[in-house]
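Enquirer: Here it is: the structure, laid out below.
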Amino acid sequence: MDRYLIEKCLVEHCSATLASMKSANLFNMTFADDTDVEDQIEFWNQCMKEKGIDAYLIPTDDYHASEYVGEFFKCRAYMTGFTGSAGTAVITQNMAGMWTDARYFIQAEQQLAGSGIDLYRSGEPGVPSIEEFLEKELQEGQILGFDGRTISYEEGTSYRQLAEQKHASVNFLQNLASEIWTDRPDLPSEPAFLLEDQYTGEGIESKLTRVRLKMKEYGCDTHILSSLDDIAWLFNIRGNDIAYCPLVLSYAIVYNDSVELFADTSKFSDTLLQLFAQQQIILHPYEEIYDTVSQFNENQTVLLDSRIMNYSLYRKIPEFVTVVDRPNPEILMKCIKNDVQVENLKAAHLKDGIAHTRFMYWLKTNSGEFPVTELSASQKLEEFRAMQDGFIGPSFAPISAYGEHGAIVHYSADEESNVEIKPGKLFMTDTGGHYLQGSTDITRTVAIGEAGQVEKEHFTLVVRAMLRLASTIFLHGCSGTNLDCIAREVFWKKGLNFNHGTGHGVGYLLNIHEGPINFRWKEGKTPSQTFEKNMVITDEPGLYIKNSHGIRIENELLVTEADHNEYGQFMKFEFLTLVPIDLDALLPEQMTFEEREQLNNYHQLVYKKISPYLPEAEKEWLKHYTRAV
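Just so you know, we're using our numbering here: the sequence shown kicks off at 9 and counts up by one.
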């Protein structure tokens, strides 16, 4: 079968599966209203009393510490009505609280209103962490409950230690969701598929060899994997078990000469099973992982990542087994793209740039001609993407936000919130696409008609921040923590800031948010990862003014090498995203000469790459919108 036919079959397979999921309403579940939430919390309290549990944690996670979870796992959203992708609910006999981060403060405030659930804004002054809250509230002899499959071993251990300090205990075997959520969706059953070497750039055998070398380096003969993106990368498999993330619910155990893969066996074709057999990969039912690890012997030395592995699975490993707790080696391996992937990604971004540029032209030229809403604009953008060869589907839930909705960092338009896009305000889209050649993530904010002076000033700050970071030259050894302030400086000088990271790694047909790299202005729990050649990261500063407007400009960057001299290896970034920045919202006079040159050079690149694929009218429009300033 030639390459064209392979691509055609894969696209048809993926698109059909995504369409079936949409038709089944799996992407847009409707969760309980406020009255239902109060009733459900009361019922939950009754269940807790019956089980002898005094406080209960409901995290966002599935059994694999995934950032986004399938519909089966959205218990916290079902119970609380809050649909953000990050947050933990804590329920006691006296109260219910929701902890979430700054990305979701506005959304959580709106969705929790009238529910009786208190909002705890994580990281804000005077707001206790969950641990601090439990340390105060948990009393001697009481029991803290959680489903151990939905909490990492690292996190679960901290809760157990906290409880013990209070002379209390934990119960991690109670899955209360199964008793309360009576119409809970089934686990997905869509088939898995193989991503060919022409897209991955490396076969399964080579990847297993590299992983086993790391195992040997750490003195291990056994390696447990529970993170879905690491498993998908290692075995070159993809699926549709999570909306927008082409992953397969699975676990894996890698030995020196064989592999055990745990997943729904019906998902795998005979062709895949034959390929697995060639690599000594044995397929087992999904839930058998727990029994398998419980039978490990004292001669085994196991490599695992307790930050990812769930608490219940870790506790199944016999205590006499030697455990080496280190980050999965696959994390860094998949973050550094190979040369085949880099060339594929450039092709994917070219296609995405054509689609998004055509959308901007459509939006700009049709504004005011006929009604356009947040939802219809988002659908139109996806239509332009669907015209591109190799397009599979969106890479995450689209953000399509007009006016004050833009101030909600992770706003999601629905039929109730959907508004018409009219002249006089800013409109923001944060979207992306999965292509066989890779995944994209892009944000553009555009003026609809004439924007206000304040909006233009803020827009200009955001553009300056994005360009300054993208254009920096740095020595090898730097991380995102070293470089983040290059973007934030323009805001800090004005007494402004934005409460999210400036950038994240991007997976290759995996998670759109991929570790271990990021741009952050302060260190997290673990040291920041050094930037290496062929890593891909977003550059997305923003500014959000509640009840007024939100602005974000996001480009993806490829880490490349610059000069090497007596001071060491210098590094730089190369633009992958190829979409114009709206000059209608820009105040060039508030930019430095160097910043204007950076913008002009970027726009020259966009025009050179994109214009040959546009109809004449759109080409002329692009020429005007990429003019020098």
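Where a beta carbon is used, it is the ideal one built from N, C-alpha and C, also for glycine.
1) Using the C-alpha atoms, what's the distance from residue 218 back to residue 418?
2) With DSSP run on the structure shown, which of helix, strand or coil describes residue 241?
3) In this structure, how does DSSP classify residue 451 when only helix, strand and coil are distinguished?
4) Within 10 Å of its beta-carbon, does residue 447 have 16 or more other beta-carbons around it, so buried, or fewer, so exposed?
5) Under the three-state reduction of DSSP, which class applies to residue 362: helix, strand or coil?
6) Which same chain residues end up closer than 6 Å to residue 555 when comparing Cβ atoms and leaving out the 5 residues on each side of it in sequence?
7) Cβ atoms of residue 512 and residue 546: under 8 Å apart, would you say?
8) Report the rounded CA-to-CA distance for residue 635 versus residue 608, giving the unit in angstroms.
9) Tell me which residues share the same chain as residue 261 and place their Cβ nearer than 6 Å to its Cβ, disregarding the 5 neighbours each side in the sequence.
10) Can you give me the Cβ contacts of residue 97 inside the same chain, cut-off strictly under 6 Å, excluding the 5 residues immediately before and after it?
11) Among the candidates 410, 438, 345, whose CA atom is the shortest distance from the CA of residue 425?
12) Restricting to Cα atoms, I'd like to know which of 541, 126, 327 is closest to residue 349.
13) Just the Cα atoms here: how many angstroms apart are residue 264 and residue 304?
14) I need the straight-line Cα distance from residue 452 to residue 401, nearest angstrom please.
15) Short check: CB of residue 150 to CB of residue 62, under 8 Å?
16) Check this for me: beta carbons of residue 293 and residue 270, under 8 Å apart or not?
17) Residue ranges of each beta strand (DSSP E) run of no fewer than 3 residues wholly in the stretch 487-532, ordered along the chain?
18) Could you tell me which uninterrupted alpha helix (DSSP H) segments, each at least 4 residues in length, are contained entirely in the stretch 418-490, listed from first to last along the chain?
19) Which term fits residue 123, buried or exposed, when burial requires 16 or more other beta carbons within 10 angstroms of its beta carbon?
20) In whole angstroms, what is the alpha-carbon distance linking residue 30 and residue 393?
21) Buried or exposed: where does residue 633 fall if 16 or more other Cβ atoms within 10 Å of its Cβ makes it buried?
22) Between the alpha carbons of residue 643 and residue 415, how many angstroms are there, rounded?
23) With distances taken Cα to Cα, identify the nearest neighbour of residue 120 among 92, 445, 139, 330.
24) If you follow the beta strand (DSSP E) that residue 563 is in, where does it begin and where does it stop?
25) Got a sec, what are the start and stop residues for the alpha helix (DSSP H) residue 108 sits in?
26) What is the DSSP secondary structure of residue 593, counted as helix, strand or coil?
27) Check whether the Cβ atoms of residue 330 and residue 301 sit closer than 8 Å, and answer yes or no.
28) Are the beta-carbon atoms of residue 507 and residue 110 separated by less than 8 Å?
Expert: Straight from the coordinates:
1) Counting from one through the sequence shown, the residue named residue 418 turns up at place 410. Counting from one through the sequence shown, the residue named residue 218 turns up at place 210. Cα to Cα, the separation comes out at about 37 Å.
2) For the purposes of this step, residue 241 is taken as residue 233 along the sequence shown, with counting starting at 1. The answer is helix: DSSP assigns residue 241 an H, G or I state.
3) For the purposes of this step, residue 451 is taken as the residue at position 443 of the sequence shown. Three-state DSSP puts residue 451 in a strand.
4) Sequence index remark: in the sequence shown, residue 447 carries index 439 (1-based). Its Cβ being crowded by 16 or more others within 10 Å, residue 447 is buried.
5) Numbered from its first residue, the sequence shown carries residue 362 at position 354. Here residue 362 sits in helix by DSSP.
6) Here the question's residue 555 lines up with position 547 in the sequence shown. Answer for residue 555: 412, listed in chain order.
7) Sequence index remark: in the sequence shown, residue 546 carries index 538 (1-based). Sequence index remark: in the sequence shown, residue 512 carries index 504 (1-based). Yes; because the gap between Cβ atoms is below 8 Å, this pair is in contact.
8) In the sequence shown, the residue the question calls residue 635 occupies position 627. In the sequence shown, the residue the question calls residue 608 occupies position 600. Residue 635 and residue 608: Cα-Cα distance of roughly 7 Å.
9) Position 253 of the sequence shown, counted from the first residue, corresponds to residue 261. Cβ within range, chain order: 232, 268.
10) Residue numbering aside, residue 97 sits at position 89 when the sequence shown is read from its first letter. Only 66, 84, 88, 106 meet the Cβ criterion.
11) Locating residue 425 in the sequence shown gives position 417, counting from the first residue. The residue with the shortest Cα to Cα distance from residue 425 is 410.
12) Walking along the sequence shown from the start, residue 349 turns up at place 341. Nearest of 541, 126, 327 to residue 349, Cα basis: 541.
13) Here residue 264 corresponds to residue number 256 of the sequence shown, with the count starting at 1. Here residue 304 corresponds to residue number 296 of the sequence shown, with the count starting at 1. The alpha-carbon atoms of residue 264 and residue 304 are separated by roughly 15 Å.
14) Looking up residue 452 in the sequence shown gives position 444. Looking up residue 401 in the sequence shown gives position 393. Roughly 19 Å separates the two Cα atoms.
15) Translated into the one-based positions of the sequence shown, residue 150 becomes position 142. Translated into the one-based positions of the sequence shown, residue 62 becomes position 54. A contact, by the Cβ cut-off of 8 Å.
16) Your numbering for residue 293 matches position 285 in the sequence shown. Your numbering for residue 270 matches position 262 in the sequence shown. Their beta carbons are under 8 Å apart, which means residue 293 touches residue 270 by this criterion.
17) 511-513, 522-527
18) 461-478
19) Numbered from 1 along the sequence shown, position 115 holds the residue referred to as residue 123. Looking at its Cβ environment, which holds 16 or more other Cβ atoms inside 10 Å, residue 123 is buried.
20) Reading the sequence shown from its first residue, position 22 is the one you call residue 30. Reading the sequence shown from its first residue, position 385 is the one you call residue 393. Interpretation of residue 30 is limited by its pLDDT of 39, a score under 50 that renders its predicted location unreliable; the figure taken from the coordinates is listed afterwards. Going by the C-alpha atoms only, they are around 17 Å apart.
21) As a working mapping, residue 633 is identified with position 625 in the sequence shown. By the neighbour-count rule (16 or more Cβ atoms within 10 Å), residue 633 is buried.
22) No statement about residue 643 is possible, as the shown extent of the chain runs from 9 to 637 and does not include it.
23) The residue labelled residue 120 in the question sits at position 112 within the sequence shown. It is 92 whose Cα lies nearest to the Cα of residue 120.
24) Within the sequence shown, residue 563 is the residue found at index 555, counting from 1. Run containing residue 563: 563-573, per the beta strand (DSSP E) assignment.
25) As a first step, residue 108 must be located in the sequence shown, where it is residue number 100. No alpha helix (DSSP H) contains residue 108, which is instead part of the beta strand (DSSP E) from 104-108.
26) Within the sequence shown, residue 593 is the residue found at index 585, counting from 1. Three-state DSSP puts residue 593 in a helix.
27) Translated into positions along the sequence shown, residue 330 becomes position 322. Translated into positions along the sequence shown, residue 301 becomes position 293. Their beta carbons are not under 8 Å apart, which means residue 330 does not touch residue 301 by this criterion.
28) Position 499 of the sequence shown, counting from 1, holds the residue named residue 507. Position 102 of the sequence shown, counting from 1, holds the residue named residue 110. Their beta carbons are under 8 Å apart, which means residue 507 touches residue 110 by this criterion.
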